[in-house]
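First residue of the sequence shown: 36, per our numbering; consecutive thereafter.
Note that the Cβ used here is the ideal one computed from N, Cα and C, for glycine as well.
Quick caveat: nothing in here was measured; it's all calculated off a predicted structure.
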Amino acid sequence: MSPYQLTRTLDPDAAGADLRADVVHGLTRSPKELPPKWFYDARGSELFEEITRLPEYYPTRAEREILAARAPEIAAETGARTLVELGSGSSEKTRFLIDALLPGLDGYVPVDVSESALTGAAESLLAERPELRVHALVADFTRGLALPGTPGPRLVAFLGGTIGNLLPGERRTFLRSVRSMLAPGDSLLLGTDLVKDEATLLAAYDDAAGVTGAFNKNVLSVIDRELGADADPADFEHVAVWDAGREWIEMRLRARRALTVKIPELDLVVPFAAGEELRTEVSAKFRQEGVREELAAAGLELARWWTDDGDRFALSLATA
Ligand code: AVJ
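Structure, rendered in structure tokens:
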């Protein structure tokens, strides 16, 4: 059997229908919003990788620090033979886990909406570790997953703080669906960015070089290309806001003037008032008690909690 297999559970037609539904729903309501998963075409995935190297964007480095220090403990505690990673992207930090889990590891199952990210990640992983088996899944992990029949114990990793992109109700549903993927002895490794001072948070989502702004505006390029729309990224301003009550960052695109966006493939003309904002992402920040409670509500028990030296980011290990 080939060491690399790729399964598309998002067939391109279904993904197209999904995008259309999100755009119709999100741009005809008030306030306007789009789900963050549409950032990640090939260009958006590259821009996100660039974000992870910015001086202001600390989460990736903080999580890498924890993984580098704790991968041996994680491997010992879980004894995982299959590593499933939801929202795997470039799989860059996952190398610490894979290397700690080898040689007992039977296979790595990266799951992402971006096929280009999955293929790039698998190529570089397999070049370095030819003995590794990789079964990539192009899938939207918020929609319930059919995992390949791989041997347990399984470790499901959801890193980067991506759970923060889900609203509280969506997190409840998502964690329950993860719980339903786990058998006794399996575990979940969850990365969460932590609540901290506003200035640090805002800088991380509004960097001086403007990369996050370009990433945010990329969703307009996706709509233009996929749906024949005429949104001009230059007509919109990147905005990052900290909502102290809900403890989340919002990214928005603010219309610089009154304008319309025509979307011929949807027979839709979307008016924007001058200054009107379109919410493109929620990135929630967490505290230990909240994480413990949300896990418990899904039938998961917080077994270990690790943070980086600066207490900026946490990794939780939870068991079913
Ligand atoms: C990939 C969802 C973890 O919310 O910090 C980075 C995406 N957005 N800069 C995050 C993102 C703006 C990122 N996640």
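Whole-Å CB distance - Pro306 paired with Thr295, under 8 Å assumed: 5 Å
Where Ser318 falls: helix, strand or coil (DSSP): strand
CB of Pro38 within 8 Å of CB of Ala115, strictly: no
Exposure label - Leu202; buried when at least 16 CB within 10 Å: Residue burial annotation: Leu202 is exposed, with fewer than 16 other C-beta atoms found within 10 angstroms of its C-beta.
At least three beta-carbon pairs within less than 8 Å, the region 152-164 to the region 126-136: Flag = yes, the region 152-164 and the region 126-136 touch.
Cβ-based burial, Arg105 [other Cβ within 10 Å; buried from 16]: buried
8 Å Cβ cutoff met for Phe348 and Gly226: yes
Span of the beta strand (DSSP E) around Leu337: 336-342
For Leu182, the three-state DSSP class (helix, strand or coil): For Leu182, the three-state secondary structure derived from DSSP is coil.
Check: Glu233 C-beta below 7 Å from any heavy atom of the ligand AVJ: No - the ligand AVJ has no heavy atom lying nearer than 7 Å to the Cβ of Glu233.
Supposed contact pair Ala171 and Leu41 - C-beta distance, whole angstroms, cut 8 Å: Right, the Cβ-Cβ distance comes to about 5 Å (below 8 Å), so this counts as a contact.
DSSP three-state assignment for Arg207, whether helix, strand or coil: helix
Simplified DSSP assignment, three categories, for Pro188: coil
Gly122 vs Gly195 beta-carbon contact at 8 Å: yes
Gly220 CB to nearest heavy atom of the ligand AVJ below 7 Å: no
Arg281, DSSP secondary structure in three states: coil
Status (buried if at least 16 other CB within 10 Å, exposed otherwise) for Asp302: exposed
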